[in-house]
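Counting the sequence shown from 1 gives a position; our numbering is that position plus 32.
The beta-carbon is built from N, C-alpha and C at its ideal position, and this holds for glycine as well.
Structure first, then comments.
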Amino acid sequence: MKIGPHTLANRLFVAPMAGVTDRPFRQLCKQLGAGYAVSEMVASNALLWKSEKTQRRANHIGEFKPIAVQIAGADPVMMAAAAKMNVGHGAQIIDINMGCPAKKVCNVAAGSALLRDEPLVQQILEAVVNAVGVGPDAVPVTLKIRTGWDREHKNAIEIARLAENSGISMLTVHGRTRADLYLGEAEYETITAVKNSVDIPVVANGDINSPEKAVFVLESTGADAIMIGRAAQGRPWIFREINHYLETGGKLPTPEIKEIQKIMNAHLLDHYEFYGEYIGLRTARKHIGWYCKGLRDSHAFRQRMNTADDCKTQLQMVNDYFDEMKSHSDRLLFLEAA
């Protein structure tokens with residue numbers, strides 16, 4: 033599959049998730065089988081560009097290519113400027129966020145709130161494409177949306193046609209409305225309808241959490257690729273599992289404890305180096321919690337782990353816990369109730 037001039041390794045994408053898909057996590061997912069990953073969203077407000085958070089999100093040193101950056105905002109001029117700024121920092125693909133359901137994003141009329149204003153959607157798309165997506169050095173511009181604002185106002189097909197006519201290179205559809213948040217089941221029938229209404233590549237997103245589900249979504253929607261978000265939290269090897277299943281029809285065995293420990297150690301060390309001691313210690317907690325979810329005594333361990341006051345101690349506590357798990361079994365000890 034291609035996005036503009038970029039040929040991707042496969043059809044398995046990492047969804048952009050605020051506070052999750054930082055450079056260390058994107059790199060790890062790509063190492064474990066993802067063909068493409070999009071950064072956390074960068075605000076279009078120029079006043080925030082010099083903030084530590086934005087500077088970190090714009091850091092792509094050593095990242096596997098193509099480098100894709102998601103931008104968010106509601107002003108066409110500011111969005112065009114944000115696209116240019118990120119291209120200047122190494123972005124090779126610009127993704128526009130019109131899918132985020134978070135209140136702090138929607139309250140400023142950005143993210144999925146934009147789906148209520150189709151003329152503004154068109155203005156933003158055209159502004160960004162004209163800013164970076166035309167000419168000899170054109171950078172592909174992609175778009176991520178939901179199926180609509182709520183169940184009574186679904187307009188994914190209309191937005192998809194606007195996107196295609198505006199020069200968008202690829203469209204990702206999360207199969208929920210903004211009102212649904214992350215509740216209920218993804219509506220793949222809408223993604224199918226979108227795919228049938230446009231000629232640009234369409235990516236299906238929502239509730240893809242296993243190799244079997246990946247095949248079902250690809251076949252039922254006709255989507256060109258699938259995007260995986262929450263299912264990769266604490267389980268970045270899901271891309272390897274799905275890729276193997278798509279290629280062979282066979283399932284890989286559950287990773288052994290020692291391999292999970294090795295993957296997690298590499299992730300945490302990269303995470304600490306990227307964020308530094310103070311922020312790295314705190315932001316690593318959620319990843320550790322996801323890696324341990326469902327394991328024996330994981331709740332008690334997480335409570336102990338959260339008391340660590342430096343990265344070295346935190347990492348040692350994590351390894352002590354996993355060493356204890358290995359003494360019980362060479363396989364993951366998931367609880368039935370987890």
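Judged by DSSP in its simplified three-state form, residue 68 adopts strand. Just so you know, the alpha carbons of residue 117 and residue 202 end up roughly 21 angstroms apart. Per DSSP, reduced to three states, the secondary structure at residue 113 is helical. With distances taken between CA atoms, residue 349 lies nearest to 296 out of 302, 310, 305, 296.
According to the DSSP secondary-structure assignment, residue 102 is paired through a beta bridge with 73, 127. The beta-bridge partner set that DSSP reports for residue 52 is empty.
The beta carbon of residue 158 lies closer than 7 angstroms to those of 198 in the same chain, with the five residues before and after it left out.
In this structure, 255 is the residue among 255, 319, 318, 194 with its C-alpha nearest to the C-alpha of residue 45.
Our two residues, residue 284 and residue 337, have alpha carbons roughly 31 angstroms apart in a direct line. In this structure, the alpha-carbon of residue 125 lies about 7 angstroms from that of residue 98. Residue 181: member of the beta strand (DSSP E) spanning 180–182, first to last residue.
Residue burial is scored here from C-beta neighbours: residue 212 has at least 16 other C-beta atoms within 10 angstroms and is therefore classed as buried. With a cut-off of 8 angstroms on Cβ pairs, the segment 265–279 is in contact with the segment 60–69, counting three or more such pairs.
Your pair residue 130 and residue 93 does not check out as a contact, with CB atoms roughly 29 angstroms apart and the cut at 8 angstroms. No Cβ-Cβ contact shorter than 7 angstroms links residue 204 with residue 224. Beta bridge pairing from DSSP links residue 203 with 175, 234. No residue range can be given for residue 166, since it is assigned to no beta strand (DSSP E) and is classified by DSSP as neither H nor E. Note: residue 45 is bridge-paired with 68, 259 in the DSSP secondary-structure output. Its chain contains 300 as the residues whose beta carbon lies nearer than 7 angstroms to that of residue 347, once the 5 sequence neighbours on both sides are disregarded; these appear in chain order. At the C-beta level, residue 33 and residue 40 come within 7 angstroms of one another. With a beta-carbon spacing of about 18 angstroms, residue 189 and residue 249 fall beyond the 8 angstroms limit used to define contacts. By the beta-carbon neighbour count (other beta carbons within 10 angstroms, threshold 16), residue 314 is exposed.
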